[in-house]
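The structure appears below as structure tokens.
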Amino acid sequence: MEKLYGTIAMLIATVIWGTGFSAQSRGAQLVDPMFFIMLRSIVGSAALAVIILVMDLFRFKRITVWGSAGTERERKLLLAGGFWCGFVITTASFLQQCGVKYISAGKTGFLTALYIIIVPLLGICFKRKTSPVLWLAVILAMCGTWLLCGGIGSLGIGEWLVIGCAVIYSLHILVIDYYAPKCDCVRLSCLQFLTAAILSGGVSLLLRESSAGTAESLPYWLFCGLGSSAIAFTLQMVAQKYLHPVTATLLMSLESVFAVIGGWLFLKEQLSVKELIGCGIIFLAIILAQIPLPGKNEK
Numbered sequence: 319m320e321k322l323y324g325t326i327a328m329l330i331a332t333v334i335w336g337t338g339f340s341a342q343s344r345g346a347q348l349v350d351p352m353f354f355i356m357l358r359s360i361v362g363s364a365a366l367a368v369i370i371l372v373m374d375l376f377r378f379k380r381i382t383v384w385g386s387a388g389t390e391r392e393r394k395l396l397l398a399g400g401f402w403c404g405f406v407i408t409t410a411s412f413l414q415q416c417g418v419k420y421i422s423a424g425k426t427g428f429l430t431a432l433y434i435i436i437v438p439l440l441g442i443c444f445k446r447k448t449s450p451v452l453w454l455a456v457i458l459a460m461c462g463t464w465l466l467c468g469g470i471g472s473l474g475i476g477e478w479l480v481i482g483c484a485v486i487y488s489l490h491i492l493v494i495d496y497y498a499p500k501c502d503c504v505r506l507s508c509l510q511f512l513t514a515a516i517l518s519g520g521v522s523l524l525l526r527e528s529s530a531g532t533a534e535s536l537p538y539w540l541f542c543g544l545g546s547s548a549i550a551f552t553l554q555m556v557a558q559k560y561l562h563p564v565t566a567t568l569l570m571s572l573e574s575v576f577a578v579i580g581g582w583l584f585l586k587e588q589l590s591v592k593e594l595i596g597c598g599i600i601f602l603a604i605i606l607a608q609i610p611l612p613g614k615n616e617k
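Just add 318 to the spot in the sequence shown (first one is 1) and you have my numbering.
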């Protein structure tokens, strides 16, 4: 049942992320990248702070600063996790936000999905075992992503920025895989976006980014802050308590499918037959990844 809960949580997060690419694409045309990240991170951390207050009142009958982190070691671990998750997500978000200015929301989605093969490759470096079935699912998912792309062809600056984002997101998944089982997920996510808000705000000031377009882009950074940041990333952390990281990334690869669907619905981007076939192959890979192996106790 725990694996089922993790799968459902990750799927919900994926739908939100996928449709969020359309909001990012619109926002990228109106606001500078680091300023946009700061706005969405402030909204995300504030929303999570409210959730923490409500949860504390129900669980502890009082508001606590650290929650279940009772010892000094647990508190240091929570702070370290919040900082490193925030640092990595700020870097990835910056590359993605810059890239989406140059390419479509759908293409941004499936290029970002390259992390589904980067994660298991990085996992080898950390001596994490990955089953042959999951490797097969990764290959299928990559084939589906390739079809969604319609062939990489000549890569421009937008494509390279988003590919760089995929590499950094892979590190983010592994960082979460380390900290999420040891920390309060909601507090970890809140600290992550508080860190992102501070870092992106500081860099935005250094780059002298303009605040013009803040009001006009409000629906987009509000959606990204509440949906993509506060809700989806917290669901990711909860899900990764129960899922193998490669299974998690395969589920997250659906983000590319929903990015294309969102681009079609909201930005009038078109889906070709080849792209639809790619969507189907990714779905097949995800189903395959959920088949339990006899004698294997997967996370």
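Think of the CB as a built atom: it goes at the ideal place given N, C-alpha and C, for glycine as much as any other residue.
Identity of the residue in T382, G336 and I435 nearest I317 by Cα | There is simply no residue 317 to check, as the chain begins at 319 and stops at 617 in what is shown.
R324 and K559 look like a contact to me (Cβ under 8 Å); what is the Cβ gap, rounded to whole Å?
-> As written in the sequence, residue 324 is Gly, which differs from the Arg given in the question. Separation of the CB atoms of G324 and K559 is rounded to 7 Å, and the pair is thereby assigned contact status at 8 Å.
Those runs of the beta strand (DSSP E) which lie wholly inside the stretch 422-507 and span at least 3 residues | Fully enclosed beta strand (DSSP E) runs of 3 or longer: not present.
May I ask which residues mark the beginning and end of the alpha helix (DSSP H) holding S343?
-> Boundaries of the alpha helix (DSSP H) around S343: E320 to A346.
Starting from the C-beta of P499, find all residues in its chain whose C-beta is less than 6 Å away, skip the five residues before and the five after it, and write them out in chain order.
-> K559
Would you tell me roughly how many angstroms separate the C-alpha atoms of G613 and P450, rounded to the nearest one?
-> Bear in mind that a pLDDT of 49 at G613, under 50, signals an unreliable position, so the model cannot answer this.
Span of the alpha helix (DSSP H) holding A607?
-> V591 to A607
By how many angstroms is the C-alpha of F511 removed from the C-alpha of G404?
-> Cα-Cα distance, rounded: 6 Å.
Supposed contact pair Q554 and M328 - C-beta distance, whole angstroms, cut 8 Å = 7 Å
Alpha helix (DSSP H) containing G384: first to last residue?
-> According to the sequence displayed, residue 384 carries Trp and not Gly. From DSSP, W384 is part of no alpha helix (DSSP H); its letter is neither H nor E.
Classify W335 as buried or exposed, calling it buried when 16 or more other Cβ atoms lie within 10 Å of its own Cβ.
-> W335 should be labelled buried.
E573 lies in the alpha helix (DSSP H); which residues open and close that run?
-> L572 to F584
Hey, out of V418, V504, P537 and G520, whose CA is closest to G399's CA?
-> Taking only the C-alpha atoms, the option nearest G399 is V504.
Keeping to the same chain, check which residues put their C-beta closer than 6 Å to that of G362; ignore five residues upstream and five downstream.
-> F511, G543, S547 and A548
Inter-residue Cα distance where the pair is L360 and L540 = Looking at the sequence provided, one finds Ile at residue 360 rather than Leu. Their backbone Cα atoms lie some 10 Å apart in a straight line.
For L538 versus G385, is the C-beta spacing smaller than 7 Å?
-> The identity of residue 538 in the sequence shown is Tyr, whereas the question assumes Leu. Not closer than 7 Å, so no.
Going by CA-CA distance only, name the one from K592, V493 and V564 that's closest to A431.
-> V564
Pull up the CB-CB distance for M570 and T408, whole angstroms please, since I reckon it's below 8 Å.
-> The pair is not a contact, with the Cβ atoms about 19 Å apart (cut-off 8 Å).
C-alpha gap between Y420 and I595, whole angstroms | 25 Å
Contact set for A550: own chain, Cβ-Cβ below 7 Å, skip 5 residues either direction = A331, I334 and W335
Classify T532 as helix, strand or coil using the three-state DSSP reduction.
-> coil
Express the C-alpha separation of G545 and A299 in angstroms, rounding to a whole number.
-> It is not possible to answer for residue 299, since the shown part of the chain is limited to 319 through 617.
Quick one: any contact between the stretch 431-440 and the stretch 480-498, if contact means 3 or more CB pairs under 8 Å?
-> yes
For D350, which of helix, strand or coil comes out of DSSP?
-> In the structure shown, D350 sits in coil (DSSP, three-state: anything other than H, G, I, E or B).
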